[in-house]
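If you count the sequence shown from 1, you need to add 721 to reach our numbering.
For glycine and all other residues, C-beta sits at the position ideal for the given N, C-alpha and C.
Only a predicted model underlies this, so the values are computations on that prediction, with no experimental measurement involved.
What follows is a set of notes on a single structure, which appears directly below.
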Amino acid sequence: MKVKKLAKKISAGLTAAAFGTTLIFSTPTAEAIGLGDAIGIGVGVISANEQINQVKKQIDMINNTEEGRQALYQKFREEYGVEENYELNTKLDKIMANLSAGVAKVDGTITSKPYLYFISQNDTLNAGCGMGHVMMVNRGTFNYVDSDDELAAIIGHEMGHGQKDHAANSVKNNLNQQLLAQVGVAVAGGTTLANLIGSLALTHTIADYGRGKEAEADNLAWDYLLNTNYNLGATAAVMQKFVDLEKGHKRSGIESFFNPSDHPDSSKRRDNYAKKLYEYSKKHAEVDKKGVVVVNKKEFLTPAPVGKMSSAERAYFVLGNLAVAYHKGYDKQEATVSNGTVYLGQQAIITPVEGDEDAATLAARLNEIKNLKAKS
């Protein structure tokens, strides 16, 4: 089947504003009826189990074949619109290339199913990965997030979903509960099974994974960034950004790439990453509850806010640099200043901005506390 012809079959009214929403089926020609009713009016000679098996085959086709992937990619682009801004697309291309190389070091299967991605014309902060490694990043995400490192953390999370086929598996796991009744709807209303699968693919992308799958994607994002040159602290920093955005705006028009009803609390996810950073630093560096960067249980600095980053958000970037320095053993060298940046060994730690203490003061303080005995 040609891609364009298949794309036409993958068509249904999208009821969700973006990826990462609850599964919703819509059939305009008939009201929802139960499986028993459907069988009663003549589902046909095909048994319920056989219908489910047909659906699973269609899911596998969309998820695993190039024909299915390209058709879904084309349909998403039609539904959401494509942002052609050269600067944004160049930025996304670079991040995807870097992350794909990082993923390949953890999971080589990415080479046989590279990501199909684009920037949508939606101005909310959102991103998602559907079946077939089809990924979308909303234009609005770039308005909220300046840092390539934080964008990589967001996209790395979505690639975690993609590498584990969470979208396709989630659909399959929900077949008995949701899809079977909709097969009855399709029969009663004359909708073809192929069109039903199209609706399924469009409206159920990363929906309703459960917190276990979200935690898995978070942890995979860490592994992927670990194999790139991005600041590991961005994992916790972007969660801090969501904590900051959510203050006073719970369940409001601010739409994150996380569905708040399906995902763990942003602060808990931040703390999960913060713990990883602490462990990676060999238990030398952390950010305390006040947002202060602490080295060997001694206060090092409280960063000034800059641009769209709060003080606490920026603190996790400093922590990411310190974690790498301690992990590589650079703490055995002196903290120095070069071109206005504080270094520990070969690792840059912080470049002070207006509102920060000066680089010389910070380097001197780091030298005082960097070799104190780490405490468990």
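Distance from the CA atom of Asp1077 to the CA atom of Ala958, rounded to whole angstroms, is 18 Å.
Of the residues assessed, Tyr945 falls on the buried side of the cut-off, its CB having 16 or more other CB atoms within 10 angstroms. For Leu846, there is no enclosing alpha helix (DSSP H), as DSSP gives it neither H nor E. Asp939 and Glu871 have their alpha carbons spaced roughly 13 Å apart. Less than 7 Å divides the Cβ of Ala1036 from the Cβ of Gly1012. Glu799 and Phe839 have their C-alpha atoms roughly 11 Å apart. Cβ-Cβ separation between Glu937 and Lys885: approximately 6 Å, consistent with a contact (criterion under 8 Å). Scanning Met856, Val803, Val1016, Met817 for the CA closest to the CA of Asp844 turns up Val803. Measuring C-alpha to C-alpha distances from Met1030 to each of Gly849, Leu966, Leu947, Ala792 identifies Leu966 as the nearest. Listed as beta-bridge partners of Phe1038 by DSSP are no residues whatsoever. For Thr1062, DSSP records a beta bridge to Ser1059.
It is roughly 8 Å from the alpha-carbon of Lys834 to the alpha-carbon of Asn785.
Taking the C-beta atoms as reference points, Gly1041 is found nearer than 7 Å to Asn952. Note on Asp1052: 16 or more other CB atoms within 10 angstroms of its CB, so buried under the neighbour-count rule.
Under the three-state reduction of DSSP, Val1074 is assigned to coil, being neither helix nor strand. Contact between Cys850 and Glu805 fails: their C-beta atoms lie close to 21 Å from each other, not under 8 Å.
Straight-line measurement puts the Cα of Glu788 at about 24 Å from the Cα of Asn895.
Between the C-alpha atoms of Lys812 and Asn770 there is a straight-line separation of about 46 Å.
Non-local C-beta neighbours of Gln1067 in its own chain, meaning closer than 7 Å and more than five positions away in sequence, comprise Tyr1051, ordered along the chain. Separation of Ile875 and Leu1087 (C-alpha to C-alpha, rounded to the nearest whole angstrom) is 31 Å. A residue is called buried once 16 or more other Cβ atoms fall within 10 Å of its Cβ, and Tyr1064 is buried on that count. Per DSSP, Glu871 is one residue of the alpha helix (DSSP H) stretching across 869-884. Ser1059 counts as exposed, since fewer than 16 other beta carbons sit within 10 angstroms of its beta carbon. Tyr794 counts as buried, since no fewer than 16 other beta carbons sit within 10 angstroms of its beta carbon.
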